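Single-structure report; data block below.
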Amino acid sequence: MSNNEGCTPLYVTCERQQVEVAKILLQNNANIDKTNNKGDSPLCAGKYSISIIQFLIENKANIESSNDEGETPLHFACTTGKEEIVKFLIENNADIEKSTKNGNTPLYYACQSGSSVVAHYLIENKANIDTTNNDGCTLLWVASSKGHSEIVKYLIENKGD
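Numbering follows the working numbering, with no gaps: position 79 of the sequence shown is 79.
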């Protein structure tokens with residue numbers, strides 16, 4: 001059962017950060033990895049809530065599920081600036097170097113969104129700072145183009161192109 005966008009009750013529940021409802025749905029055989037029409041999973045939908053992310057991972061959600069663009073839950077978490085969620089995903093073996101179809105890594109998403117705390121964390125955890133996406137954009141280029149001076153400075157200090 002899903003709406004016109006392919007969102008199941010579990011997906012919407014995770015998006016709205018309702019852990020108790022998610023528990024009820026899973027107890028009644030909701031598919032934890034069922035994606036919407038864009039390929040986004042409930043784990044991607046829960047990107048703003050550490051309690052939803054923890055609950056889904058504890059219940060064996062696929063941490064590497066990717067949507068039609070190749071974005072994983074870690075990519076989504078890196079756009080939110082929620083360091084706690086990024087840390088949790090990496091501690092649970094999310095691929096820190098996974099690229100989207102356009103060649104964007106989680107670090108690219110952090111640099112693009114201006115999340116310096118997340119960018120620093122990823123770099124400290126050995127994320128490659130010398131990546132270039134399919135459009136020829138480096139991390140330094142995207143951070144500069146978005147005006148994220150703290151990230152630009154950090155990339156330069158760490159010898160990022």
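The beta-carbon is built from N, C-alpha and C at its ideal position, and this holds for glycine as well.
It should be emphasised that the depicted structure is a prediction, and the values quoted were computed from it without experimental measurement.
Per DSSP, what kind of secondary structure is residue i in: helix, strand or coil?
i, result
"Thr35", "coil"
"Thr80", "helix"
"Thr13", "helix"
Near residue i, what residues of its chain come up, given a Cβ to Cβ distance below 6 angstroms and the 5 sequence neighbours on each side ignored?
i, result
"Lys98", "Thr72"
"Asn62", "Asp33"
"Cys44", "Pro73 and Phe76"
Measure the alpha-carbon distance for residue i versus residue j and round it to whole angstroms.
i, j, result
"Ile156", "Ser149", "11 angstroms"
"Gly147", "Thr79", "16 angstroms"
"Leu20", "Ser115", "In the sequence on display, residue 20 carries Glu and not Leu. Cα-Cα distance, rounded: 30 angstroms."
"Gln112", "Tyr121", "15 angstroms"
"Thr100", "Tyr109", "10 angstroms"
"Leu107", "Met1", "35 angstroms"
"Gln27", "Glu91", "26 angstroms"
Between residue i and the rest of its own chain, which residues show a CB-CB distance below 7 angstroms, the 5 nearest in sequence each way excluded?
i, result
"Ala77", "Lys47, Ile85, Val86 and Leu89"
Inset, instruction - Report yes or no: do three or more beta-carbon pairs, one from the region 60 to 77 and one from the region 33 to 40, lie closer than 8 angstroms? - result: With the cut-off at 8 angstroms, the region 60 to 77 and the region 33 to 40 touch.
Inset, instruction - Please list the segments of the alpha helix (DSSP H) lying wholly inside the region 72 to 124, counting only runs of 4 or more residues, in order along the chain. - result: Counting whole runs of 4 or more residues, the region 72 to 124 contains the alpha helix (DSSP H) stretches 73 to 80, 83 to 91, 106 to 113 and 116 to 124.
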